[in-house]
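Working notes, structure below.
Residue numbers (full-length UniProt numbering): 1 to 300.
Right under this line is the structure:
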């Protein structure tokens, strides 16, 4: 009746929303002080559902939007920082998935996801820093695994002539120098531009490959040059670490392909054939089954 008379908004809705705002402002402050964050979020969720039901039964449909916005403002928007400061890290540490879902859905309603993102970013940094700086956890770190992987990566960098900036490797070595002296000596040999002794290189299983004539020619030229420069030394080829740059002609133009030695040998077979079976490639290259399958998968 108030609506039809044109006095609903002025005589009822405005005073009603003002009272609602005052009520939830006081309730939000009290509950925030007395409850933990999970309970407070459940209370907010319950209150918002109650207001929606109440609006359907008792109020004009036009009141629903401002009513819900009033409740959200007093129960959520005013307490965004307090909710995050008081409970977000606790929820993350405790893997409280349901509560985290609730906080996300409620923050979404009031466009507060940026605040949630910042809190998550801070949590990740804090947790990561704690793990890195925890001296007790240092005892449990797989330093043998660290050594193996970094020796491999450093070896690859040496082959690719990527060791242009030593700061990154030096930083890694500083923390773990007590357990990886071999890597330090390896890195030092790179810095001094000296020959890397085989005792400092990571161990690679020998992998045979039958090189095409063109590559054999270049390999022999380099071998002759190396032995003339370093007499008394033995040159060993690590086929699994070899890389090449192939120039290829395609219908849409020329391309340069940075590929492994095994991929190079396989691709060069197709200079003389349009189609080859797995067995044909294996017989021509001499690459073992497992490595050949992996090579073909990368090329496919």
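Beta carbons: idealized from backbone N, C-alpha and C, even for Gly. Note that the structure is predicted; figures quoted are calculated from it, not measured.
- For residue 256, the three-state secondary structure derived from DSSP is strand.
- The Cβ atoms of residue 227 and residue 219 do not sit closer than 8 Å to each other.
- Per DSSP, the unbroken alpha helix (DSSP H) holding residue 22 starts and ends at 14-34.
- Where residue 248 is concerned, the enclosing beta strand (DSSP E) starts and stops at 243-250.
- Between residue 245 and residue 256, the C-beta gap is smaller than 8 Å, which places the two residues in contact.
- Distance check between residue 292 and each of 271, 273, 224, 261 places 261 closest, using alpha-carbon atoms only.
- The segment 65-77 makes contact with the segment 41-52: 3 or more CB pairs, one atom from each, lie closer than 8 Å.
- Here the segment 24-38 lies against the segment 79-95, with 3 or more beta-carbon pairs under 8 Å apart.
- Note that the C-beta distance between residue 75 and residue 24 is below 8 Å.
- The closest CA to that of residue 106, considering only 248, 16, 37, is found on 37.
- Close CB contacts of residue 240 within its chain, under the 6 Å cut and outside five residues either way in sequence, are with 204, 207 (chain order).
- For residue 226, the three-state secondary structure derived from DSSP is helix.
- The Cβ atoms of residue 215 and residue 263 do not sit closer than 8 Å to each other.
- Distance between residue 94 and residue 9, taken at the CA atoms: about 47 Å.
- When secondary structure is reduced to three states using DSSP, residue 275 falls in the coil class, being assigned neither helix nor strand.
- Taking the Cα positions, residue 231 is about 42 Å away from residue 278.
- Taking C-alpha positions only, residue 284 is separated from residue 274 by approximately 15 Å.
- Shown here, residue 262 sits in a helix according to DSSP, grouped into three states.
- The alpha-carbon separation between residue 234 and residue 286 amounts to approximately 24 Å.
- Put simply, the backbone Cα of residue 20 is about 30 Å away from that of residue 91.
- Out of 87, 248, 72, 223, the CA that lies nearest to the CA of residue 271 is found in 248.
- Here DSSP, grouped into helix, strand and coil, assigns residue 288 to coil.
- Take residue 99, set aside five residues on each side of it, and the residues of its chain with a beta-carbon closer than 7 Å to its own are 38, 41, 91, in chain order.
- With fewer than 16 other beta carbons inside 10 angstroms of its own, residue 258 counts as exposed.
- For residue 89, the uninterrupted alpha helix (DSSP H) run begins and ends at 89-93, by DSSP.
- Residue 116 and residue 109 have their C-alpha atoms roughly 13 Å apart.
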